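Engineer:
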Amino acid sequence: MNPGWLNVAAGLLLAPLLFGVIARVKALFAGRRGMPLLQPYFDLAKLLRKGAVYSTTTTAVFRLGPAVGAACAALTLAFLPLAGAPAPFGFSGDAVLVLYVLALGRFATIVSALDTGSAFEGMGASREAAFSALAEPALLVGLAALARAAGGNSLAALLGEPTAALWTTRPEIPALLALAFFGVLLAENARIPVDDPNTHLELTMIHEVMVLDHSGPDFGLIEYGAALKLWATGLFVVGLLPIRAGSVPLQLAAGIGAQFLLAAAIGAVESTLARLRLNRIPQLFVGAGALAALSFLMTLWRSP
Amino acid sequence: MTAALVIAPLALAAAAFAAPAAVSRALVLAGAVGQVALTAAAWIARPGPAWGGWIAADDVALPIVAATAAVFLAAALRHVFAPRAGREHDLPAPAAAGCLLAMLGAMTLAVLSRHFGLLWIAVEATTLAGAPLIYLHRNPRALEATWKYLLLCSVGVALALLGVYLLAAAAEAPAAEGGPVALTVEALRQAGGGLKTPWLKAAFVFFLVGFGTKMGLAPMHTWLPDAHSEAPSAVSALLSGAMLNVAFVALLRVHQVCAAAGLGAFSGGLLAGFGLLSVGIAALFLLGATDYKRMLAYSSIEHMGLLALGLGAGAAGVAASLFHAVNHSLTKCALFLAAGRILDATGTKRIAEARGLSRAMPATSAVWLVGLFAISGAPPFGAFFSELKIFQAVFQVGRWGMGLAALLLLAAAFAGVARAGLRMTANGSAADASAPNGRRLSPWADLAPAIALLAVAALLGLRLPAFLSGAFGAAAGVLP
Amino acid sequence: MTPWADVLLMVLLLAGLAMLGSSRLEGLVRWMSLQGFLVAALPLALHGTTAASAEEWGLALVTAAIKGALFPVLIRQALRKTHAQRELEPYVGPNASVLIGMVAMGAFFWIGARLPLPPAARDALAAPAGLFTLWTGLFLICARRKAITQVIGFVTLENGVYVLGAALVREAPGLIELGILLDIFAGVFIMAIVLFHINREFGDSDASRLDQLKDIPA
């Protein structure tokens, strides 16, 4: 069996645990004990048992949205290497496919939000669309920089061995990209400083407000899809780090450990920063894009 | 003795900062007189270089230092004897005195300096010393002028610093020759073709932009009309009559180095281009002048353009420019002193409002009109001959188009200036020319010096003394 | 050339970008202070700390003290008097500034790769970093409204020139370097005083209010 499937299995199983880790870290910062690490699983189980309520203004699109979102996120796992351990599938240029599959998932969420005909969901949808559009250039330029520096343009190469080798010769490139991708991660997954996942004021929400009308198993799928998306975008950051272990199981374990460390970092960032004003969020993306562009310029600069 | 020319004013400046008001004013006068005496002594004795060859009173520096000393003396007289009524909010007298003397010392240092690093430090020091002086009278317009002056000139001089570094890069000799060339004019000229040409070209461009800003060459001139018109007349006289020359000498030195390295055509061409542009822009604004002090400022820009044009016209052009710099200093200083008297009497800077001067203040009005003609190049004043020589040199080098264009622009400028001068002196009645509480200095404080300066300018035109023509001729030799 | 030089210059580039994207005056002052420390340490990093003379160490310390510590003090004094917090309505906003800055950075990387620098600085980021810092200073002077930001831009411009100088020149006479430093210090000092007067006169340090002097057609 292709060891890459272990990556996919790890992602599918462990993704909700990321939310638990983030919540625990935030609780630690706040001086509380926090919810159990496995709470997201209990929540998912609870939601699957419930029944769903559908508004009369919605159509089949609304019913399909959550499933498409979760499916897209799961599909990306098949292409993304886990800290060097390659994925089951890969071909030249699959990075673009992964980006657009993620975009498709986002599109499904946006469209199902618009389908409800509610003003709140529409507001959230438009904000989400705008900010995602701003985040994409940073990701693309960063991947272009990696492609130039590491050679090859399949994700296995971009986030795999050649990139790890860069840390010894041109460390500034992966370092800058890690910062840029981290910024994109915060944006794509609606974490502080882009969006506050714990706010209960609809007018301040971006992502939360889009999923207000989903209930029961649909909401469960939405939550699970969000966890998978966090795992997938986390793989972009973790793939840049020079994690090397000898054997396959060790590599897998190291990768999973790195993912949880990243979740802890997200928790720390969420606890220390405040949510940015809405009109300042584009500055965050411009900053991430500038870091990615600088990294690209460094790949063009002759090596010392 | 060369060092004394610099150290004396600077030491007096330090003393003036710490002294009480009356003493500081006396120190200014003492410094002015002392500088004239020292300069005369230097002319006679011709001392050698000092400070390890970093400063030297050579044939380029001495005429400029002399003109500076003369202008400073005239300006100091006006500053010290200015009426103090209603001036309680001014810059305190010790600070003003200290800044004046510091500016004198820094200007002299910059002109005498043969080392480009020292030259840069001195030029920046003149910028800084001049800033508080522009804001002497503490009004909002002067504040705005001070800010523009400070920011623009500092940015320009910062770019010139990059030019100094680029010059040093050009002077990094290959290892075989042992060590980089020192940044003095002699060493760089000796190195000649050994300097790396691309770096030298870049250095010259940055020098031109940087020190050109200080000199008032277009398009970096925008601070000049504001600063020179809003400053008190004594300070304006100093700024126009002495500080612009400092930048001119700096550009001359770097042009020397370029010529020695074979880039004379490149640097000369750039200088001529900027010069013509300055003359053009100045002529444009002179035609529509509404404020007579601003008019004098634009006239300064015009003459600085002429100086640049002359610099770019070979050895004869350099000598002619040097002569013209001296003439311009003397005449412009006289004009600003007269303008100061007019401002005191009429209380306005607008040409349309300051009328009937020939009836109200005949002597001043005569000086004003004669000065305006002198600065426009009328014989028998020196400016006529120096401008003639500049144009001779320009045509000799083959820049016919530029020369003709400059002549036409000068004619247009003259039209504007003459119109303004005649409007102010000829029209109106005596009643127009007295402000409600017009206060005027004693004529000995500023009118007499103005007349004296104009007389010297005329003398220079009628019969150039041998020592000066010798100096100018020797200065022509600075170009290979 | 030590590896530290590249790290220093990279952080310098990032500081320049941060200054372009920042609209809070306190943030600008902090980045300027960081630039001062980086720039002071640069000659030592470029030419190696073992080969550096006592003079070079002294110069580095004095530069760090003046550019890293004294300038922020002077400017914060001026800030306190004006109670200014943010750069409101700049001529070019922060996002656009960063984007233009990236284009400029690309251009300077291109130029820097083609400059025949002396060996010590050839492979370092010195030329692009110096040029970019110089450009950032000029941009801040032109594209921002407040006079305080213009002073910060001037200091940034000087930092850029200093970086280029460190790359181009191996040894400068210590006296000259010191003189340059003192001149710049005096410049900022006087600018701070004029800023104080501007604030007292006009109520805030918005430089776009300084537009009274102009040539009115007759």
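Order-wise, the sequence lines are chains L, R and A. So the mapping is simple: this note's numbering equals the position in the first sequence, first residue as 1, plus 252. So the mapping is simple: this note's numbering equals the position in the second sequence, first residue as 1, plus 3. So the mapping is simple: this note's numbering equals the position in the third sequence, first residue as 1, plus 9. All C-beta atoms, glycine included, are put in the ideal place defined by N, C-alpha and C. As the structure is a computational prediction, the values presented were derived from the model and not from experiment.
#1: Give me the chain R residues within the contact set of A:Glu167, using Cβ-Cβ distance strictly less than 7 Å, ordered along the chain.
#2: Using the beta-carbon count (16 or more within 10 Å), is R:Trp226 buried or exposed?
#3: Cα separation between A:Trp13 and A:Ala105?
#4: Roughly how far, in whole angstroms, is the beta-carbon of R:Leu338 from the beta-carbon of R:Ile304, given that I think they are within contact range, below 8 Å?
#5: Could you tell me whether the Cβ atoms of L:Gln391 and L:Val461 are closer together than 7 Å?
#6: Using a Cβ cut-off of 7 Å (strictly closer), state whether R:Gly120 contacts chain A.
#7: Assuming the contact rule is C-beta atoms closer than 8 Å, A:Ile109 and R:Val158 should be a hit. Round their C-beta distance to whole Å, please.
#8: Can you name the residues of chain R whose CB is closer than 9 Å to the CB of A:Ala156?
#9: 7 Å is my cut-off, CB to CB: does L:Val538 come that close to chain A?
#10: Is there a C-beta anywhere in chain R that falls below 7 Å from the one on A:Glu210?
#11: Who are the Cβ neighbours of A:Arg154 in its own chain at under 8 Å, not counting the five residues just before and after it?
#12: May I ask which residues mark the beginning and end of the alpha helix (DSSP H) holding A:Gly174?
#13: Cβ closer than 8 Å: which chain R residues qualify as neighbours of A:Phe117?
#14: Between R:Asp229 and chain A, is the shortest Cβ-Cβ distance under 7 Å, so that the two count as touching?
#15: Among A:Gly45, A:His56, A:Leu53, whose alpha-carbon lies nearest the alpha-carbon of A:Ala78?
#16: Please name the residue or residues paired with R:Thr187 in a DSSP beta bridge.
#17: Which same chain residues, not among the five before or five after L:Gly345, have their C-beta less than 6 Å away from its C-beta?
#18: Considering only C-alpha positions, which residue in the set R:Leu122, R:Phe417, R:Ala264, R:Phe388 is nearest to R:Ala113?
#19: Please name the residue, chosen from A:Leu26, A:Pro182, A:Trp40, A:Phe148, that lies closest to A:Gly67 on a Cα-to-Cα basis.
#20: Taking the CB atoms as reference points, tell me whether R:Leu314 and R:Ser324 lie closer together than 7 Å.
#21: In or out: R:Arg28 buried (at least 16 other Cβ within 10 Å) or exposed?
#22: If you drop the 5 nearest sequence neighbours on each side, which residues of the same chain put their C-beta closer than 6 Å to that of R:Leu2?
#23: Going by beta-carbon coordinates alone, are L:Gly541 and L:Pro445 separated by less than 7 Å?
#24: Does A:Ile109 come out as helix, strand or coil in the three-state DSSP assignment?
#25: Is L:Phe548 buried or exposed, if buried means 16 or more other CB atoms sit within 10 Å of its CB?
#26: Exposed or buried, L:Arg599, counting other C-beta atoms within 10 Å across all chains shown (16 or more means buried)?
#27: Residues in the same chain with beta-carbon distance under 7 Å from R:Gly166, minus the five sequence neighbours each way, listed in chain order, please.
#28: Tell me A:Asp215's beta-bridge partners as DSSP assigns them.
#29: Under 8 Å Cβ-Cβ, which residues of chain A neighbour R:Ala134?
#30: Relative to the alpha-carbon of R:Thr293, which residue among R:Ser236, R:Arg353, R:Met307, R:Leu310 has its alpha-carbon at the smallest distance?
#31: Comparing the C-beta of R:Ala53 with each C-beta of chain A, is any distance below 7 Å?
#32: So if I threshold CB-CB distances at 7 Å, which residues from the stretch 24-35 of chain A count as touching chain L?
#33: Does DSSP put R:Asp294 in a helix, in a strand, or in coil?
#34: Which of the three DSSP states is assigned to R:Ile58 in this structure?
#35: Might you give, ordered along the chain, the residues of its own chain that have their beta carbon closer than 7 Å to the beta carbon of L:Val449, omitting 5 neighbours on each side?
#36: If contacts are defined as beta-carbon pairs under 8 Å, then R:Gly308 and R:Ser281 qualify, I think. What distance do you get, rounded to the angstrom?
Structural biologist: Looking at the coordinates:
#1: Contact annotation for A:Glu167 against chain R: Ala161 [CB-CB distance below 7 Å, chain order].
#2: Residue burial annotation: R:Trp226 is buried, with at least 16 other C-beta atoms found within 10 angstroms of its C-beta.
#3: Looking at the two C-alpha atoms, the distance is approximately 31 Å.
#4: Between R:Ile304 and R:Leu338 the Cβ distance is about 14 Å, and since that is not below 8 Å, they are no contact.
#5: According to the sequence shown, residue 391 of chain L is Leu rather than Gln. No; because the gap between Cβ atoms is not below 7 Å, this pair is not in contact.
#6: R:Gly120 counts as touching chain A.
#7: Wrong, their Cβ atoms sit about 19 Å apart, outside the cutoff.
#8: Per Cβ cutoff of 9 Å: Trp150, Leu154.
#9: With a threshold of 7 Å between beta carbons, L:Val538 makes contact with chain A.
#10: Yes, because at least one Cβ of chain R sits closer than 7 Å to the Cβ of A:Glu210.
#11: Within the same chain, A:Arg154 has close Cβ partners Glu96, Leu97, Glu98, Pro99, Tyr100, Asp215, Ala216, Ser217.
#12: 156-177 is the span of the alpha helix (DSSP H), which, as asked, contains A:Gly174.
#13: In chain R, no part has a C-beta under 8 Å from the C-beta of A:Phe117; the shortest such distance is about 14 Å.
#14: Cβ-Cβ to chain A under 7 Å: yes for R:Asp229.
#15: Ranking the options by Cα distance to A:Ala78, first place goes to A:Gly45.
#16: For R:Thr187, which the question treats as bridged, DSSP gives the partners R:His118.
#17: Asn405.
#18: For R:Ala113, the nearest C-alpha among the options comes from R:Leu122.
#19: Ranked by how close their Cα comes to the Cα of A:Gly67, the residues A:Leu26, A:Pro182, A:Trp40, A:Phe148 have A:Pro182 in first place.
#20: Their beta carbons are under 7 Å apart, which means R:Leu314 touches R:Ser324 by this criterion.
#21: With 16 or more Cβ atoms within 10 Å of its Cβ, R:Arg28 is classed as buried.
#22: With chain R running from 4 to 483 in the structure shown, residue 2 of chain R is simply not present.
#23: When the beta-carbon positions are compared, L:Gly541 and L:Pro445 stay at least 7 Å from each other.
#24: Here A:Ile109 sits in helix by DSSP.
#25: Flag for L:Phe548 reads buried.
#26: With chain L covering only 253 through 556, there is no way to say anything about residue 599 of chain L.
#27: Within the same chain, R:Gly166 has close Cβ partners Ala206, Phe209, Phe210, Gly213.
#28: Paired residue(s): A:Lys155.
#29: Neighbours of R:Ala134 on chain A, chain order: Ile199, Val203.
#30: R:Thr293 has its Cα closest to that of R:Arg353, out of R:Ser236, R:Arg353, R:Met307, R:Leu310.
#31: Not closer than 7 Å to any Cβ of chain A, the Cβ of R:Ala53 fails to qualify, so no.
#32: When C-beta distances to chain L are compared with 7 Å, the residues of the stretch 24-35 of chain A below that value are Leu26, Gly30, in chain order.
#33: Note: R:Asp294 maps to strand in three-state DSSP.
#34: Of the three classes helix, strand and coil, the one that applies to R:Ile58 here is strand, per DSSP.
#35: Reading the sequence as shown, one finds Pro at residue 449 of chain L and not Val. Spatial neighbours of L:Pro449 in its own chain (CB-CB distance under 7 Å, excluding positions within 5 residues in sequence) are listed in chain order as Ala442, Arg443, Glu460.
#36: Between R:Ser281 and R:Gly308 the Cβ distance is about 3 Å, and since that is below 8 Å, they are a contact.
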